[in-house]
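Peer 1: Before I ask anything, let me first share the structure, which is written out below as structure tokens.
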Amino acid sequence: MTFTIISTFAYVLVSVCAWGIYLKFKRPGKLPPGPKGYPIVGNLFQLDVDRPWHSLLEWKKIYGDIVYFRLFNQDVIVLNSAKAAGDLLDRRAANYSQRPRMPVTECLTGELNMALMDHGTRWRSMRRAAHEALNIKASVDYMSIQMREGIQLALDILNSSQECHDHVYRFTSLISASLIYNDTSRRHAIIKELSSMMKDMVLASTPGKYFANHLPVLEHVPELLATWKQEMKAKHNMYTESILRFFVPIKELVVHKQESEPSFCKMLVETHERHGLNDLESAWLAAVLYVGGHDTSLTTIEWLIVAMLAFPNVQRKAQAEIDTVIGQTRIPTLADMEDLPYMRAVVKEVLRWRPAAPIGVLHASLEASAGFLYL
């Protein structure tokens with residue numbers, strides 16, 4: 018055992034040094050400005066790994082809209098403006114649409130997180146399935162759920178505004194669980210399990226949080242010595258068991274033609290012939306969509322409330338538009354949105370003013386000469 022530990026440590030040490038020497042000579046000469054890093058580790062110890070966006074904001078103030086830094090062997094480019102992001106991620110999407118390899122996240126999700134997949138066959142099947150079940154036509158089936166829970170949220174805030182966060186959290190959790198599963202008997206178990214999974218997925222993909230995401234040699238360390246592998250595999254097995262337990266009963270109802278409420282999982286089963294996903298892929302797709310939709314909705318609603326408190330003139334104009342178009346004798350519905358241009362503009366401005374996620378989804382380039390990770 019002692020010999021194994023020593024030999025593994027020696028292998029890692031030599032490999033790290035070799036990487037450092039290799040990187041010194043292979044890195045392209047022309048790079049955007051950025052903070053000066055240290056040998057081998059780069060800017061790892063200058064990055065706030067718990068809140069990396071704080072470090073990125075400070076660097077933006079110093080270095081501008083495009084900032085370069087390095088985490089071990091990984092070159093990272095931060096795009097801090099809509100123009101910079103549009104120039105690279107939109108106009109040159111063919112080169113910059115890939116995802117970087119993140120061994121820790123891959124271990125946690127079993128490479129089944131659509132948001133972090135390369136655009137291969139499995140990704141295309143998952144995307145097709147998600148599009149069919151969540152397009153505008155299909156979303157009509159979910160409107161009654163949104164209206165019911167939206168009315169309850171308004172009443173909850175009206176009755177006890179000091180518990181606003183709890184009310185919004187309950188609303189977004191129930192909406193997400195209802196849209197994806199619509200299984201009232203398991204709703205609280207679904208929310209509890211997927212909330213835990215959501216936190217683990219965020220931590221596993223946070224830049225700088227796990228060395229193994231940025232230092233490829235650590236992926237080859239035996240599982241006995243790599244505690245992150247043990248931890249992530251155990252969590253993967255636990256979450257997989259749970260999300261299959263949430264998905265399979267819905268599938269059984271559809272297969273046996275028993276009555277069931279509209280849900281994303283139900284539509285996944287009904288459209289199986291077109292997308293061809295198996296149970297494991299379908300269960301993970303459903304869980305990932307819950308995770309992706311929950312926190313973004315929660316954050317956006319809370320920032321909207323903050324905006325209305327911070328800018329009372331805007332709140333009064335929005336309320337005046339609602340009163341004029343709808344009156345005070347009924348509750349607004351989603352069908353009224355086309356007649357409420359100011360209210361739509363307020364929502365869009367909140368999304369611009371305070372984005373739901375402090376940093377975007379990671380991108381990677383295809384060209385070897387521009388092998389950067391983009392934030």
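According to my numbering, the residues represented by the sequence shown are 18 to 392, in order. For glycine and all other residues, C-beta sits at the position ideal for the given N, C-alpha and C.
1) Return the CA-CA distance between V323 and A373, expressed in angstroms with no decimal places.
2) Output the residue ranges of the alpha helix (DSSP H) runs that lie fully inside the segment 110 to 139 and measure 4 residues or longer, sorted by chain position.
3) If I follow the unbroken alpha helix (DSSP H) through Y159, where does it start and stop?
4) Spatial neighbours of L270 within its chain, please: CB distance less than 6 Å, with the 5 preceding and 5 following residues excluded, ordered by chain position.
5) If you drop the 5 nearest sequence neighbours on each side, which residues of the same chain put their C-beta closer than 8 Å to that of L106?
6) Y55 to F89, Cα distance in whole Å?
7) According to DSSP, is Y394 helix, strand or coil?
8) Can you tell me whether L368 is helix, strand or coil according to DSSP?
9) Taking just the CA atoms, how far does Q169 sit from R347?
10) Pick helix, strand or coil for R108, following the three-state DSSP scheme.
11) If you draw a straight line from the C-alpha of K41 to the C-alpha of V308, how long is it?
12) Taking the alpha-carbon positions, what's the V378 to A132 distance?
13) By alpha-carbon positions, which one of D65, G127, S98 ends up nearest to L297?
14) Whose C-alpha, out of R291, A327, M215, is nearest the C-alpha of V305?
15) Quick check on the burial criterion: 16 or more other C-beta atoms within 10 angstroms. Buried or exposed for N230?
16) If you follow the alpha helix (DSSP H) that R262 is part of, which residue opens it and which one closes it?
17) Look at the Cβ atom of T288, then the Cβ atom of A101, and state whether they are nearer than 8 Å.
18) Hey, is the segment 153 to 167 in contact with the segment 189 to 196, meaning 3+ C-beta pairs nearer than 8 Å?
19) By the three-class DSSP mapping on this structure, what secondary structure does D92 have?
20) Please classify K274 as buried or exposed, where buried requires at least 16 neighbouring CB atoms within 10 angstroms.
Peer 2: This is what the structure gives:
1) The straight-line gap from Cα to Cα measures roughly 13 Å.
2) 110 to 113, 120 to 126
3) Taken as a continuous stretch (DSSP letters only), Y159 belongs to no alpha helix (DSSP H), as it is neither H nor E.
4) Within its own chain, the residues whose Cβ lies closer than 6 Å to the Cβ of L270, once the five positions on either side in sequence are excluded, are S277, listed in chain order.
5) L96, Y113, S114, H380, Y391
6) 9 Å
7) Nothing about residue 394 can be reported from this structure: the residues present for the chain run from 18 to 392 only.
8) helix
9) Rounded to whole angstroms, R347 to Q169 spans 15 Å at the Cα level.
10) coil
11) Here K41 scores only 47 on pLDDT, less than 50, and its place in the model is too uncertain to base an answer on.
12) 8 Å
13) G127
14) M215
15) buried
16) Per DSSP, the unbroken alpha helix (DSSP H) holding R262 starts and ends at 244 to 272.
17) no
18) yes
19) strand
20) exposed
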